[in-house]
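Input: a single structure, listed below in C-alpha cells.
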Ligand code: DC
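Numbering (the working numbering), first residue to last: 307 to 535.
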C-alpha cells in the first residue's frame, strides 16, 4: 500500500471530523483536525482580550503572538485526541459556542492562515496523514493523493451539532446553532484568503442521507482505490 495524504474538506458540522478520525484509525494513519488549530488560536485571542464580543479582532496583536503559539495534539488512552495550546489541554473550551462564534473571524486573518498552513504542511511531511478542514485539498496539500469534499444541508448539519451540544449538556437552542452554521458558511465561503471551495480533483460526498456505516465503507473504498496501486 502506498502511503498517501488524505485531505477531507467541507462545511462545518458535515461530519467530516468523525469520518476522518475513524478512517485514520482504521488504516493506521495520523489524524489532524485543522479546525481545532483555528479554534485554539481563537480561544487564545478571546482569553487575551484580542477580540471583542462583537467580533472585532485586534489583528496586529494576534499577529505578534502567533510565533509563540504552540499547538499540539495529545493522544488519549481511548485513542481520541485533545488539542494542546502552549501545553494546556483546551479540548473542552475550543468546542464551546463562544469560541465557534468567533472562529471564522480569526480564520479569515491572513497571518493566522499562513502560520497554521505552515504547521499543517509540516505535520504532513511524512505522509500517512488524514487532515480535515476547509482548504486542505486546495491550499495546504494541493498535491494530496486523495481529496474528499463533504457536503450536507445547513439544516442537517445544524441538527447534528445541536444533538452533540445537547448531549454534552450545553444550553443552546436549535435556532442558535442553525444561525451559527449559516453564518460560518457565509464567512468561510466569502473570505478573501483561501475560501472554502471544492478542489477540482476532489471526490464529492453528500452524506445527508447516509448511515455512518455506509459513509465509512465509501471512504475506505476511496482510500483503497488510490493507495492500492
Ligand atoms: O471544522 P471546524 O468547525 O472545527 O472549524 C472551525 C473553523 O475554522 C471554521 O469556522 C472554519 C475554520 N477553518 C478554516 O478556515 N480552515 C481550516 N482548514 C479548518 C477550519
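From the three backbone atoms N, C-alpha and C, an ideal C-beta is built for every residue, glycine too. Note that the structure is a prediction, hence the values are computed from the model and not measured.
Taking residue i as the reference, which of the options has the closest Cα?
i: residue 342; options: 366, 391, 362; result: 391
i: residue 376; options: 311, 393, 450, 504; result: 393
i: residue 502; options: 397, 441, 512, 313; result: 441
i: residue 312; options: 509, 368, 518; result: 509
i: residue 320; options: 415, 514, 471; result: 514
i: residue 536; options: 358, 448, 354; result: Because residue 536 is not part of the residues shown, which for the chain are 307 to 535, the question remains open.
i: residue 385; options: 340, 408, 328, 362; result: 328
i: residue 486; options: 499, 500, 464, 469; result: 464
i: residue 493; options: 412, 334, 378; result: 412
i: residue 468; options: 361, 323, 479; result: 479
i: residue 527; options: 332, 370, 495; result: 332
i: residue 344; options: 322, 439, 504; result: 439
i: residue 533; options: 335, 318, 323; result: 335
i: residue 396; options: 353, 437, 483, 436; result: 353
i: residue 496; options: 525, 414, 511; result: 414
i: residue 379; options: 389, 370, 330; result: 389
i: residue 435; options: 445, 421, 450; result: 450
i: residue 371; options: 460, 430, 456, 355; result: 355
At which residues does the beta strand (DSSP E) containing residue i begin and terminate?
i: residue 310; result: Premise fails: residue 310 is in no beta strand (DSSP E) and is neither H nor E.
i: residue 532; result: Looking at the DSSP string, residue 532 is not in any beta strand (DSSP E); the run it does join, the alpha helix (DSSP H), is 518 to 533.
i: residue 435; result: 435 to 439
Looking at the strands, I want to know which residues DSSP matches up with residue i.
i: residue 509; result: 454
i: residue 388; result: 380
i: residue 357; result: 363
i: residue 337; result: 436
i: residue 394; result: 391
Could you give the first and the last residue of the continuous alpha helix (DSSP H) run that contains residue i?
i: residue 343; result: 340 to 353
i: residue 491; result: 480 to 496
i: residue 405; result: 403 to 413
i: residue 400; result: 397 to 400
i: residue 416; result: 416 to 429
i: residue 468; result: 460 to 473
Answer with buried or exposed for residue i, where buried requires no fewer than 16 other C-beta atoms within 10 angstroms of its C-beta.
i: residue 326; result: buried
i: residue 530; result: exposed
i: residue 307; result: exposed
i: residue 475; result: exposed
i: residue 405; result: buried
i: residue 367; result: exposed
i: residue 351; result: buried
i: residue 316; result: buried
i: residue 443; result: buried
i: residue 309; result: exposed
i: residue 407; result: buried
i: residue 360; result: exposed
i: residue 523; result: exposed
i: residue 477; result: exposed
i: residue 410; result: buried
i: residue 322; result: buried
| message | For the pair the region 332 to 346 and the region 426 to 438, tell me if three or more CB-CB distances fall below 8 Å. | response | Yes: the two stretches touch, three or more of their Cβ pairs being nearer than 8 Å.
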